[in-house]
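In what follows, a single structure is set out as structure tokens and then discussed.
Protein chains in written order, with our numbering: chain A, 1 to 205; chain B, 1001 to 1205.
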């Protein structure tokens, strides 16, 4: 069983908020964002309606907070550790490994909610879009370095970056932790397919 | 510029219906399904509200019709031609090529609307889910045949099938036909990444 090394602190709001984010994301995925009420979320989180408003101002605010939490996760658990890896091929493997793990590890609903950009206020949308772009740029720069080293296949680094992201983010749409495929098997196969898809040489084990 | 060989007949409802589906899918993607009204769709399609009800019974029905249209497209433009290809590697290339083309070719909004499963009635949801499953099974059987032929990497065919689907479906989220990347470049690179990702040997040109 693979596990994230440690729980992700939710930008200073603590465990309670992060619990609400996960529960809310699950409901929004199941019912759809528009059809989900603050009551639904309070019920599922085991809070009164007054209780939940102690933590969250409203539904749009909550959606934004969930997305910020998701992008904090990306930064702390993917970008920061990967930045420490000097070798570009190892860095790419670190990105694919850590991102795949985090989607498999049950933050799938949060990954899906990240698509609900139209429900955000314009200012919030801009903030989230810019954090997503920063992550994309980080992956692309790694692929550009691999191109300079002659290791990237003859493909556009932007296209390669989006291919990898699509492959990994899609896991949240189909993978069931109670199904036949173990987390370890899914992780291994995604690494194999992703690394060989974009790199010329067989990925090293 | 790549083009689908011919327009896709919309299960007997003709050109007008298929125009409405495309327009409606664009608006639903932009505004979100819940926030889109029949009025919005009529306006964009250049019809009166009475006019649109001549073609469509209501919003849920319309969503279902769009999804049926999308799955007709998958069957007629991907599955049927690919079934005619006896060689499994060539069949896989046909699937990736045709599916990637259809997403690039501007049915991206329709691809995204295919995710709106929660908005369907249970009976409609069952119908669409079973058509999606049939397509997945078709890809998986092709990968299983490649495994028997010793051509598939050491990966689970189910995981490989979902990797390919994720990679291709994600194109609708980022690709802009008015951007710097030409349709042909995107198609070539997706073929390169997808085929090399799952097959042991270098994909043949």
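Glycine included, every Cβ here is placed at the ideal spot set by N, Cα and C.
Nonlocal neighbours in the same chain, by C-beta distance under 7 Å from residue i, ignoring five residues either side
i              : result
residue 1023/B : 1041, 1044, 1045
residue 74/A   : 135
residue 124/A  : 64
Check whether residue i and residue j have beta carbons under 8 Å apart
i              : j              : result
residue 1143/B : residue 1136/B : no
residue 1088/B : residue 1146/B : yes
residue 1070/B : residue 1114/B : yes
residue 34/A   : residue 1035/B : yes
residue 1056/B : residue 1065/B : yes
residue 140/A  : residue 161/A  : yes
residue 67/A   : residue 52/A   : no
residue 1063/B : residue 1116/B : yes
Nearest candidate by alpha-carbon position, reference residue i, set the options
i              : options                        : result
residue 1166/B : 1015/B, 1197/B, 1182/B, 1178/B : 1197/B
residue 195/A  : 94/A, 172/A, 63/A              : 94/A
residue 156/A  : 1183/B, 1173/B, 1172/B, 1131/B : 1183/B
residue 1159/B : 159/A, 158/A, 154/A, 173/A     : 173/A
residue 16/A   : 31/A, 54/A, 30/A               : 54/A
residue 1130/B : 1179/B, 1032/B, 1072/B         : 1072/B
residue 138/A  : 154/A, 32/A, 92/A              : 92/A
For residue j and residue i, the rounded distance between their alpha carbons
i              : j              : result
residue 1026/B : residue 28/A   : 22 Å
residue 1122/B : residue 20/A   : 28 Å
residue 1018/B : residue 84/A   : 51 Å
residue 1090/B : residue 1191/B : 12 Å
residue 1047/B : residue 1058/B : 15 Å
residue 1171/B : residue 164/A  : 11 Å
residue 1188/B : residue 50/A   : 55 Å
residue 1076/B : residue 111/A  : 32 Å
residue 1200/B : residue 60/A   : 47 Å
residue 126/A  : residue 1132/B : 34 Å
residue 1080/B : residue 1179/B : 32 Å
residue 154/A  : residue 1154/B : 24 Å
Helix, strand or coil at residue i according to DSSP, with G and I counted as helix
i              : result
residue 1152/B : strand
residue 1199/B : strand
residue 169/A  : helix
residue 1051/B : helix
residue 1189/B : helix
residue 1089/B : helix
residue 1100/B : helix
residue 1056/B : coil
residue 1114/B : coil
residue 1160/B : helix
residue 181/A  : coil
residue 42/A   : helix
residue 17/A   : helix
residue 176/A  : coil
residue 1120/B : coil
residue 1069/B : helix
residue 135/A  : helix
residue 1037/B : coil
residue 84/A   : coil
residue 1075/B : helix
Cβ-based neighbour list, residue i, same chain, cut-off 8 Å, excluding 5 preceding and 5 following
i              : result
residue 175/A  : 103, 104, 108, 181, 186
residue 168/A  : 96, 99, 100, 103, 190, 194
residue 1031/B : 1040
Sequence-distant residues of its chain with Cβ nearer than 6 Å to residue i (five each side left out)
i              : result
residue 1128/B : 1067
Contacts that residue i makes with chain D (C-beta to C-beta distance below 8 Å)
i              : result
residue 1153/B : Any reference to chain D falls outside this structure, whose protein chains are A and B.
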